[in-house]
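Student: Numbers given in our numbering equal positions in the sequence shown, counted from 1, plus 336.
Where is the CB? At the ideal position from N, CA and C, for every residue including glycine.
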Amino acid sequence: MIIIVYAVVEGLPVQEWVSFDSLELPQKERSSLHMGLLPDQGHVVHEDPKAFVREESSVQEQPARSNLVQEDGSFKGKSLVEPEPLEDLDSKVLAGESPKRRKSWEPGLGTERFCFFGHEISIQESFESYGALTWPGAVALCRYLEANHEHISLLDKAVLELGAGTGLVSIVACLMGAWVTATDLPDIMDNLNFNLSRNTRGRCKYTPQVAQLNWGEDLDHHFPSSIYNYDYILCADVVYHHNCLDELLLTMKHFCKPGTTLLWANKIRFAADLNFIESFKKAFNTILLVEVPEEMVRIYQATARVNVRRHQEQKTVTELLKLD
Numbered sequence: 337m338i339i340i341v342y343a344v345v346e347g348l349p350v351q352e353w354v355s356f357d358s359l360e361l362p363q364k365e366r367s368s369l370h371m372g373l374l375p376d377q378g379h380v381v382h383e384d385p386k387a388f389v390r391e392e393s394s395v396q397e398q399p400a401r402s403n404l405v406q407e408d409g410s411f412k413g414k415s416l417v418e419p420e421p422l423e424d425l426d427s428k429v430l431a432g433e434s435p436k437r438r439k440s441w442e443p444g445l446g447t448e449r450f451c452f453f454g455h456e457i458s459i460q461e462s463f464e465s466y467g468a469l470t471w472p473g474a475v476a477l478c479r480y481l482e483a484n485h486e487h488i489s490l491l492d493k494a495v496l497e498l499g500a501g502t503g504l505v506s507i508v509a510c511l512m513g514a515w516v517t518a519t520d521l522p523d524i525m526d527n528l529n530f531n532l533s534r535n536t537r538g539r540c541k542y543t544p545q546v547a548q549l550n551w552g553e554d555l556d557h558h559f560p561s562s563i564y565n566y567d568y569i570l571c572a573d574v575v576y577h578h579n580c581l582d583e584l585l586l587t588m589k590h591f592c593k594p595g596t597t598l599l600w601a602n603k604i605r606f607a608a609d610l611n612f613i614e615s616f617k618k619a620f621n622t623i624l625l626v627e628v629p630e631e632m633v634r635i636y637q638a639t640a641r642v643n644v645r646r647h648q649e650q651k652t653v654t655e656l657l658k659l660d
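Okay, here's the thing in structure tokens:
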């Protein structure tokens with residue numbers, strides 16, 4: 337039999353399940369992604385099964401599509417999903433991932449566990465919102481940050497996460513010593529705040545901050561560039577079939593100023609995702625850091641495109657003001 341235990345931590349319900357000896361707990365399937373170092377390092381980090389542990393049943397989550405990303409950016413196999421009504425796409429692709437997860441977790445009550453930097457991370461999820469689930473892009477980005485922490489140091493860096501969801505990426509950034517602000521929509525705030533608090537308290541140098549952010553809405557008013565400056569912008573699985581892709585790109589450009597590095601990981605699900613990637617490449621200087629074909633995930637690094645002449649003029653003006 338399975339006992340369901342309810343507890344209240346900081347005013348939010350926590351659901352755990354316990355199995356007696358007569359039943360086996362779901363086996364811890366160790367999954368690892370091939371994560372490469374930055375291109376100029378010229379070698380690949382080998383798999384370390386201890387770096388990522390997730391509790392789930394023996395039923396493995398399969399990629400939503402069977403296509404493989406080729407080196408030239410093309411796909412081997414059937415074409416990507418063509419434009420359809422939003423509800424159809426959600427049911428066929430995005431929802432095609434979560435029901436498999438739900439089936440494999442029954443009666444797991446929305447808790448997923450990971451291990452990064454020697455710490456167990458317990459993530460409370462909800463099947464009521466896509467934003468309250470942990471998606472492949474987030475796991476891939478965390479794996480990349482851990483594998484390359486000697487080359488990408490977040491210690492004492494100001495980090496902003498867009499579309500933080502369950503907060504996994506922000507938690508890992510906190511464990512790396514970053515000062516983190518995790519942002520998402522209002523209905524995600526409670527669960528995001530709970531996960532951040534539960535997994536960072538007493539472990540991290542800085543207490544993470546949580547802020548509501550609607551992509552593209554009053555950015556200059558709520559997040560003026562003169563005040564909000566970040567060393568890193570982190571994004572994971574923020575691109576799927578929604579109607580805010582233009583607003584997302586606008587938000588990325590607002591925060592990714594000269595001196596800022598943007599890291600974006602995403603599972604390629606739809607043809608529209610490739611269109612966004614092209615717009616993304618035009619908006620920033622980009623490097624494709626990693627492709628994970630079995631998960632259909634790409635990780636990009638981006639920096640702001642700088643008008644050299646204008647940048648030099650601004651630099652000169654700034655120096656003159658300092659002299660005054």
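Could you give the C-beta distance for residue 638 and residue 616, rounded to a whole number, given that I count them as a contact under 8 Å?
Tutor: So it is a contact: roughly 7 Å between Cβ atoms.
Student: Indicate whether the contact test is met: 3 or more Cβ pairs, each with one atom in the segment 492 to 506 and one in the segment 623 to 630, closer than 8 Å.
Tutor: Taking 8 Å as the limit for Cβ pairs, the verdict is that the segment 623 to 630 does not touch the segment 492 to 506.
Student: From residue 599 to residue 568, what distance separates their C-alpha atoms?
Tutor: Near 7 Å, if we compare the C-alpha coordinates of residue 568 and residue 599.
Student: Can you tell me whether residue 422 is buried or exposed? The criterion is at least 16 other CB atoms within 10 Å of its CB, across all chains shown.
Tutor: The predicted model places residue 422 with a pLDDT of 40, which falls under 50 and marks its position as unreliable; any figure quoted below should be read in that light. It counts as exposed.
Student: Here's the rule I'm using: 16 or more other beta-carbon atoms within 10 Å means buried, otherwise exposed. How should residue 472 be labelled?
Tutor: It counts as buried.
Student: Under 8 Å Cβ to Cβ from residue 512, same chain only, skipping five residues before and after it: list those, please.
Tutor: Within the same chain, residue 512 has close Cβ partners 453, 481, 485, 489, 490, 491.
Student: Of all the options 634, 468, 563, which has the alpha carbon lying nearest to the alpha carbon of residue 530?
Tutor: When only C-alpha atoms are compared, the closest one is 468.
Student: Using only the alpha-carbon positions, how far apart do residue 459 and residue 604 sit?
Tutor: Those two C-alpha atoms are separated by around 24 Å.
Student: Is residue 427 helix, strand or coil when you go by DSSP?
Tutor: Residue confidence is low: residue 427 scores 44 on pLDDT, short of 50, so the model does not pin down where it sits. Its coordinate-derived value is still stated next. Reduced to three states, the DSSP call for residue 427 is helix.
Student: Keeping to the same chain, check which residues put their C-beta closer than 6 Å to that of residue 593; ignore five residues upstream and five downstream.
Tutor: Counting only Cβ-Cβ distances below 6 Å, and skipping sequence neighbours, we find 640.
Student: My assumption, with CB atoms under 8 Å, is that residue 518 sits in contact with residue 544. Please give the rounded CB distance.
Tutor: Indeed they touch by this definition, with Cβ atoms about 6 Å apart.
Student: Between which two residues does the alpha helix (DSSP H) holding residue 641 run?
Tutor: Residue 641 -> no alpha helix (DSSP H), and no H or E assigned at all.
Student: Tell me the rounded alpha-carbon separation between residue 559 and residue 524.
Tutor: Taking the straight line from one Cα to the other gives about 19 Å.
Student: Given this structure, state the Cα-to-Cα distance separating residue 503 from residue 528, to the nearest angstrom.
Tutor: In a straight line, the C-alpha of residue 503 is about 6 Å away from that of residue 528.
Student: From the DSSP output, in three-state form, read off residue 502 for me.
Tutor: Coil at residue 502, not helix or strand.
Student: Excluding the 5 residues preceding and the 5 following residue 410 in the sequence, name in chain order all residues of the same chain whose CB lies nearer than 8 Å to its CB.
Tutor: Bear in mind that a pLDDT of 36 at residue 410, under 50, signals an unreliable position, so the number given afterwards is only what the model happens to contain. No residues qualify anywhere along the chain.
Student: Opposite residue 455 in the DSSP bridges: which residues?
Tutor: In DSSP, residue 455 forms a bridge with 452.
Student: How about residue 574 and residue 476: are their beta carbons less than 7 Å apart?
Tutor: Contact flag unset, no.
Student: Which residues mark the beginning and the end of the alpha helix (DSSP H) in which residue 478 is found?
Tutor: Unbroken alpha helix (DSSP H) run through residue 478: 472 to 483.
Student: Can you list, in chain order, the residues of its chain with a C-beta nearer than 8 Å to that of residue 698? Leave out the 5 residues immediately preceding and following it.
Tutor: For residue 698 there is no data in the structure shown, the boundaries of the chain being 337 and 660.
Student: So residue 608 and residue 577 are supposed to be a Cβ contact under 8 Å. How far apart are they, rounded?
Tutor: Yes, they are in contact, since the Cβ atoms of residue 608 and residue 577 sit about 6 Å apart, within 8 Å.
Student: Let me know if residue 449 comes out buried or exposed under the rule of 16 or more other beta-carbons within 10 Å of its beta-carbon.
Tutor: Exposed is the call here.
Student: Compare the Cα-Cα distances from residue 462 to each of 507, 447, 456 and report the closest residue.
Tutor: Ranking 507, 447, 456 by Cα distance to residue 462 puts 447 first.
Student: Report the rounded CA-to-CA distance for residue 500 versus residue 643, giving the unit in angstroms.
Tutor: Their backbone Cα atoms lie some 31 Å apart in a straight line.
Student: According to DSSP, which residues form a beta bridge with residue 568?
Tutor: DSSP output for residue 568 lists 495, 597 as bridge partner(s).
Student: With burial defined as no fewer than 16 other Cβ atoms inside 10 Å of the residue's Cβ, what is the status of residue 520: buried or exposed?
Tutor: Its Cβ being crowded by 16 or more others within 10 Å, residue 520 is buried.
Student: When the Cα atoms are used, what is the spatial distance from residue 522 to residue 552?
Tutor: So the two alpha carbons sit approximately 15 Å from each other.
Student: At the level of alpha carbons, what is the spacing between residue 614 and residue 585?
Tutor: Going from the Cα of residue 614 to the Cα of residue 585 covers about 11 Å.
Student: Return the CA-CA distance between residue 455 and residue 579, expressed in angstroms with no decimal places.
Tutor: Rounded to whole angstroms, residue 455 to residue 579 spans 37 Å at the Cα level.
Student: Count the other CB atoms, across all protein chains shown, that sit within 10 Å of the CB of residue 479; report buried if there are 16 or more and exposed otherwise.
Tutor: Buried.
Student: Pick helix, strand or coil for residue 635, following the three-state DSSP scheme.
Tutor: Residue 635 falls in the strand class under three-state DSSP.
Student: Where residue 602 and residue 636 are concerned, what is the direct C-alpha to C-alpha distance, given to the nearest angstrom?
Tutor: Rounded to whole angstroms, residue 602 to residue 636 spans 9 Å at the Cα level.
Student: Please determine, among 508, 554, 515, 470, the residue with the shortest C-alpha to C-alpha distance to residue 542.
Tutor: Comparing Cα-Cα distances from residue 542 to each of 508, 554, 515, 470, the minimum goes to 515.
Student: Just curious, the alpha helix (DSSP H) that residue 608 is in, first and last residue?
Tutor: 607 to 619 is the extent of the alpha helix (DSSP H) around residue 608.
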